[in-house]
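*Asks:*
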Amino acid sequence: MRLDKLYLEGFLSYDKLYLDFADGINVLVGQNAVGKTNLAESVYYCSVGKSARGLKDKELLSWSGADHARIRLRVERRFGAHTVDVYIDAQGKKRITVDELPIARIGELMGVVNAVYFSPDEMKLIKDSPADRRRFLDISLCQTDKVYFYKLSEYNKLLAQRNKLLKNYKDSRDLPEMSAIIVEKMADRQEYVVKKRKEFVEKIAPLAAARHRKITDGKEDLSLAYETEEIDFDDIKGSFLRLYEQNFEKDRRLEYTTVGCHRDDLKIIAGGIDVRKYGSQGQQRTAVLSLKLAEVDGIYSTVGEYPVVILDDVASELDRGRLKKLFESLSGVQVLVTTTEYDEDFGPATVFDVTKGKIAKRFG
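Below you can see the structure in the form of structure tokens.
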């Protein structure tokens, strides 16, 4: 897959922008706060239908006071080209079309533009909460499996309903019966979600290990393990139903759901230690790189073509050795890089200069 053309209108720092992407590495060079990350944000938005930085849709409108924002991205894939058009009005309501056909649900966008996003914030993947590691699993899976996206969305809605029920009907005689109706549906959705998460981790584990060995010159091994509830993987639904029954009184007392796939985690062992807790900063950075590159490999093995890789200001986080190995690892992949200074370690590239709301090709 490759990015072809991008048009922005009223989007963050861009009033209007036309950009033609090149094959290989595209480097956006400019000072801080001139719009490099905003452009990367627009590409990512066309992939998953939301901001990489957690911005609300209304906050994506141009800072100059535009009454709407538009992103139009054309991508070329093995079996043809596709165009994603996103329109966000002043109230923050969005309309998305794919090849000029409106989509009714955001799940229909998944898989049109496959992208792997890496920024300094991605360091949270290792050293912050399990929620960040679940997000890594979920974004990767949602891009290649629409059923997973819908099952996970339904589960999260059911989870919110049950938590509200536990809080508002804590002392009600009807609570056990009302809860049972919801957990039956939760267990059903979890059967698919947990199965696919486990398969995904087992798939990328050897890919991440291979990437990690290359980055560390064979000095350190990396292993991954999927951590979920103690369940029988031959009877996932039944296992969760039993767990909900066993923990019902605890959930009633605490007023929230204490078991389920919303508590899952990804165990990451490098050099024999759990890098989530005990890894050095260098080990954590290398582990993140390995995971992200494994994500690229995993998408390729699933859909038969590489995703676009978005590297937002990663040069500020990586030493020259890791930076060079990263770009060497991305041979044959289209890459979008934002940076304050072009570095020869990026390798052959097409370079664009970014100023306030404008982009001009320098060379490449």
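Under the numbering used here, the first residue of the sequence shown carries the number 47, and numbering increases by one thereafter.
Glycine included, every Cβ here is placed at the ideal spot set by N, Cα and C.
(1) With DSSP run on the structure shown, which of helix, strand or coil describes Pro353?
(2) If you reduce the DSSP assignment to three classes, tell me which class Asp131 lands in.
(3) Quick check: Ala316 and Ala340, are their CB atoms within less than 7 Å of each other?
(4) Can you give me the Cβ contacts of Leu171 inside the same chain, cut-off strictly under 7 Å, excluding the 5 residues immediately before and after it?
(5) Any contact between the stretch 152-171 and the stretch 351-360? By contact I mean 3 or more CB pairs, one from each, below 8 Å.
(6) Using alpha carbons as the reference points, say which of Gln327, Tyr64 and Val321 lies closest to Ser269.
(7) How about Phe286 and Gln330: are their beta carbons less than 7 Å apart?
(8) Report yes if the CB atom of Thr129 is closer than 7 Å to the CB atom of Asp145, and no otherwise.
(9) Once you ignore the five residues that flank Asp399 on each side, which residues in its own chain have a CB closer than 6 Å to its CB?
(10) Thinking C-alpha only, which one of Gly100, Lys242 and Glu351 is nearest Phe125?
(11) Compute the distance between the beta-carbons of Leu54 and Ile134, then report whether it is under 7 Å.
(12) Which residue from Met224, Arg368, Ser347 and Ala206 puts its Cα closest to that of Asp263?
(13) Under the DSSP definition of a beta bridge, which residues are partnered with His258?
(14) Got a sec? Which residues, its chain only, sit under 7 Å from Asp191 by beta carbon, not counting five neighbours each side?
(15) Could you pull out every unbroken alpha helix (DSSP H) segment of at least 4 residues lying fully inside the stretch 270-298, listed in chain order?
(16) Helix, strand or coil for Tyr64 per DSSP?
(17) Measuring only the C-alpha atoms, how far is Leu106 from Gln327?
(18) Which residue's Cα is closest to the Cα of Val379: Arg123, Gly153 and Arg309?
(19) Is the stretch 290-308 touching the stretch 204-220, taking contact as three or more C-beta pairs under 8 Å?
(20) Would you mind sorting Tyr60 into buried or exposed? The rule is 16 or more other CB atoms within 10 Å of its CB.
*Replies:* In short, the structure shows the following:
(1) coil
(2) strand
(3) no
(4) Asp178, Arg179, Phe182, Val334 and Leu337
(5) yes
(6) Val321
(7) no
(8) yes
(9) Val75, Ala406 and Arg408, listed in sequence order.
(10) Glu351
(11) no
(12) Nearest C-alpha to Asp263 among Met224, Arg368, Ser347 and Ala206: Arg368.
(13) The partner list for His258 (beta bridge, DSSP) is empty, contrary to what the question assumes.
(14) Lys242
(15) 282-292
(16) strand
(17) 33 Å
(18) Arg123
(19) yes
(20) It counts as buried.
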